[in-house]
Amino acid sequence: MRKLIFLLLLFAASFSFAQQKTIAIRCGKLLDTRSGKVLLNQVILVKGNKIESVTDAAGFKQKADSVIDLSNYFVLPGLIDCHTHVLLQGDITSEDYDVQLLKESIPYRTLRASKSAHQSLLNGFTTIRDLGTEGAGYADVDIKKAINNKVIPGPRMFVSTLAINTTGHYPIAVKDYAWELKLPKGLQEITGADEGRRAVREQLAHGADWIKIYADRGYYKLPTGEYKSIPNFTKEEIEAIGDETIKSRKRLAAHAVTPDGIIYSINAGAKSIEHGFGMNDECMKLMVQKNVFWCPTIYVNEYVAEGRYKAGSIMNKLFMETEPAVFKKAMSYGVKIAYGTDIGGYDWMEPQTKDFELFIQYGMSPLQAIQTATINGAELLDQTGLIGELIPGAFADIIAVKEDPLTNIKVLGNVKWVMKDGVVYKSVK
Ligand SMILES: [Zn+2]
Numbered sequence: 363m364r365k366l367i368f369l370l371l372l373f374a375a376s377f378s379f380a381q382q383k384t385i386a387i388r389c390g391k392l393l394d395t396r397s398g399k400v401l402l403n404q405v406i407l408v409k410g411n412k413i414e415s416v417t418d419a420a421g422f423k424q425k426a427d428s429v430i431d432l433s434n435y436f437v438l439p440g441l442i443d444c445h446t447h448v449l450l451q452g453d454i455t456s457e458d459y460d461v462q463l464l465k466e467s468i469p470y471r472t473l474r475a476s477k478s479a480h481q482s483l484l485n486g487f488t489t490i491r492d493l494g495t496e497g498a499g500y501a502d503v504d505i506k507k508a509i510n511n512k513v514i515p516g517p518r519m520f521v522s523t524l525a526i527n528t529t530g531h532y533p534i535a536v537k538d539y540a541w542e543l544k545l546p547k548g549l550q551e552i553t554g555a556d557e558g559r560r561a562v563r564e565q566l567a568h569g570a571d572w573i574k575i576y577a578d579r580g581y582y583k584l585p586t587g588e589y590k591s592i593p594n595f596t597k598e599e600i601e602a603i604g605d606e607t608i609k610s611r612k613r614l615a616a617h618a619v620t621p622d623g624i625i626y627s628i629n630a631g632a633k634s635i636e637h638g639f640g641m642n643d644e645c646m647k648l649m650v651q652k653n654v655f656w657c658p659t660i661y662v663n664e665y666v667a668e669g670r671y672k673a674g675s676i677m678n679k680l681f682m683e684t685e686p687a688v689f690k691k692a693m694s695y696g697v698k699i700a701y702g703t704d705i706g707g708y709d710w711m712e713p714q715t716k717d718f719e720l721f722i723q724y725g726m727s728p729l730q731a732i733q734t735a736t737i738n739g740a741e742l743l744d745q746t747g748l749i750g751e752l753i754p755g756a757f758a759d760i761i762a763v764k765e766d767p768l769t770n771i772k773v774l775g776n777v778k779w780v781m782k783d784g785v786v787y788k789s790v791k
């Protein structure tokens with residue numbers, strides 16, 4: 363009997379091995395995202411959902427089940443967007459936000475989110491970290507599950523579910539309605555360290571890969587030029603959330619805009635600072651010291667600035683003015699920057715690649731800009747070696763564009779071919 367089971371297992375193993383089809387992808391140019399070298403005439407051998415080898419075409423002798431010819435294309439790893447909201451479809455004003463939370467059911471929002479997730483994949487972003495469902499419960503876990511089970515096409519997803527803030531402190535939110543109405547919340551509200559721990563435990567139990575907090579609110583600028591805000595959590599609350607997250611071997615992302623929010627988020631264990639428009643030297647030094655990433659989300663700030671200004675808020679305009687200098691200074695300190703757009707905060711049909719152009723405008727080389735959305739994103743997500751570079755053992759997440767993005771970064775906004783997990787989702791026309 364034992365022998366029979368062994369033979370059956372052996373058969374099953376060899377069957378699954380035989381199922382792993384191989385694809386040889388001929389690449390005219392290929393970017394090594396770590397060294398910045400552009401390699402000519404390479405062949406990527408994909409086996410199942412992983413990259414088996416990357417070799418010179420001249421020396422490639424292996425037989426593959428199929429061949430894809432990208433010899434007229436520039437090939438690079440699938441891009442990583444570390445700040446998205448698939449369950450939002452643009453919220454320039456609080457009215458835009460309220461319509462989605464109050465007039466669209468969660469099933470309807472989830473259907474729209476599946477389209478947004480697909481759009482991300484077509485844009486060449488084969489991995490996203492989605493930072494909050496904004497009132498749509500745990501629907502991000504369902505979207506991720508449907509993608510992983512191949513029910514719908516979409517990127518590799520890291521989800522943060524509800525996000526956490528303290529009672530009554532969510533900045534945008536559904537507000538100014540009759541007090542007796544029971545309306546949905548854009549996130550999970552807590553008061554006290556124990557409720558913070560409970561929120562983290564509940565979210566992780568429901569499938570959160572990351573915990574997202576909103577660390578500060580009420581932004582203003584002093585005559586000295588320094589930005590200030592009100593921290594949302596007490597020290598006990600934020601430390602409890604950080605502790606509970608890190609003990610569960612998960613990571614904390616903090617929406618934090620000024621030093622008041624940024625410094626106490628980092629001290630509570632945050633791995634990434636989202637937005638950070640008003641950061642100062644002290645924040646930057648601490649980020650370098652503690653290996654904390656910055657997701658600058660520059661384009662979304664520009665995108666919403668005018669609309670919010672018309673609605674009475676000047677802050678996004680002020681941040682726009684000071685952003686280039688803050689960015690340059692952060693670079694000079696060596697703050698690690700991960701590409702994050704906050705798309706969903708603006709319409710998913712708008713470009714997802716505008717931040718590359720802004721990064722270069724503010725002083726990055728094209729390679730550094732691409733690295734934010736490849737090896738840096740991979741490191742932030744604890745996926746180094748698996749995504750963000752085309753090396754043996756990495757997932758076969760590969761994209762192709764027509765021109766060299768190192769000389770024309772705009773070409774990343776026109777991705778021609780997309781493979782994720784060894785499956786082609788967009789073909790060359
Ligand atoms: Zn966001």
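In this note's numbering, the protein residues as written are 363 to 791. Each residue gets a CB set at the ideal place from its N, CA and C atoms; glycine is no exception.
For arginine 613, the beta-bridge partners assigned by DSSP are Trp572. Where glycine 390 is concerned, the enclosing beta strand (DSSP E) starts and stops at 384 to 393. Relative to ligand 1, leucine 402 has its C-beta separated by 7 Å or more from all heavy atoms. Between ligand 1 and glycine 452, a heavy atom-to-CB distance of less than 7 Å is absent. Nearest to leucine 407 by C-alpha distance, out of Val400, Leu432, Thr395, Tyr701, is Leu432. One residue list follows from the rule of a beta carbon closer than 6 Å to any heavy atom of ligand 1, given in chain order as His445, His447, Leu493, Asp704, Gly707. Rounded to the nearest angstrom, the gap between the Cα atoms of valine 619 and aspartate 458 is 22 Å.
In the same chain as arginine 474, and ignoring 5 residues on each side of it, the C-beta atoms closer than 7 Å to its own belong to Gln451, in chain order.
Per DSSP, the continuous beta strand (DSSP E) segment holding phenylalanine 655 begins and ends at 655 to 657. Between arginine 491 and cysteine 444, the beta carbon gap of about 5 Å places them in contact (Cβ cut-off 8 Å). Listed in chain order, the beta strand (DSSP E) elements of length 3 or more contained wholly in the stretch 497 to 574 are 518 to 521, 526 to 528, 550 to 552.
For asparagine 485, the secondary structure class from DSSP, reduced to helix, strand or coil, is coil. Of the candidates Leu648, Ile699, Tyr671, Pro621, the residue whose Cα lies closest to the Cα of proline 658 is Ile699. In summary, arginine 563 is exposed, with fewer than 16 beta-carbon neighbours lying within 10 Å of its beta-carbon over all protein chains present. The beta strand (DSSP E) runs of length 3 or more contained entirely in the stretch 427 to 493 are, from start to end of the chain, 428 to 439, 441 to 446, 487 to 492.
Straight through space, the alpha carbons of leucine 584 and arginine 518 are spaced by roughly 42 Å. Counting every other CB atom within 10 Å of its CB across the protein chains shown gives glutamate 644 a total below 16, marking it as exposed. Counting the other Cβ atoms within 10 Å of the Cβ of tyrosine 539 gives fewer than 16, which makes it exposed. For valine 773, there is no enclosing alpha helix (DSSP H), as DSSP marks it with neither H nor E. A Cβ-Cβ contact shorter than 8 Å links alanine 577 with asparagine 594. When Val662, Glu765, Asn434, Ala632 are compared, the shortest CA-CA separation from isoleucine 608 is found for Ala632.
In the DSSP assignment, leucine 401 falls within the unbroken beta strand (DSSP E) covering 400 to 409.
Per DSSP, the continuous beta strand (DSSP E) segment holding methionine 781 begins and ends at 779 to 782. In the displayed model, serine 627 falls within a helix according to three-state DSSP. Here valine 786 is bridged, per DSSP, to Met781. The alpha-carbon of threonine 746 is positioned some 9 Å away from that of glycine 739. Contact between the stretch 708 to 719 and the stretch 473 to 489 is present: three or more C-beta pairs spanning the two stretches fall below 8 Å. As the crow flies, the alpha-carbon of isoleucine 430 is around 6 Å from that of alanine 386. For lysine 412, there is no enclosing alpha helix (DSSP H); the residue is part of the beta strand (DSSP E) that begins and ends at 412 to 418. According to DSSP, residue pairing for arginine 579 in a beta bridge involves Ile592. Valine 666 has no beta-bridge partner at all, per DSSP.
Looking at the backbone, the Cα of isoleucine 753 and that of valine 688 are separated by about 34 Å. For glutamate 644, the enclosing alpha helix (DSSP H) has its first and last residue at 643 to 651. For threonine 528, the closest alpha carbon among the candidates Asn411, Phe757, Met649, Gly554 is that of Gly554. Per DSSP, serine 675 lies in no beta strand (DSSP E) and is assigned neither H nor E.
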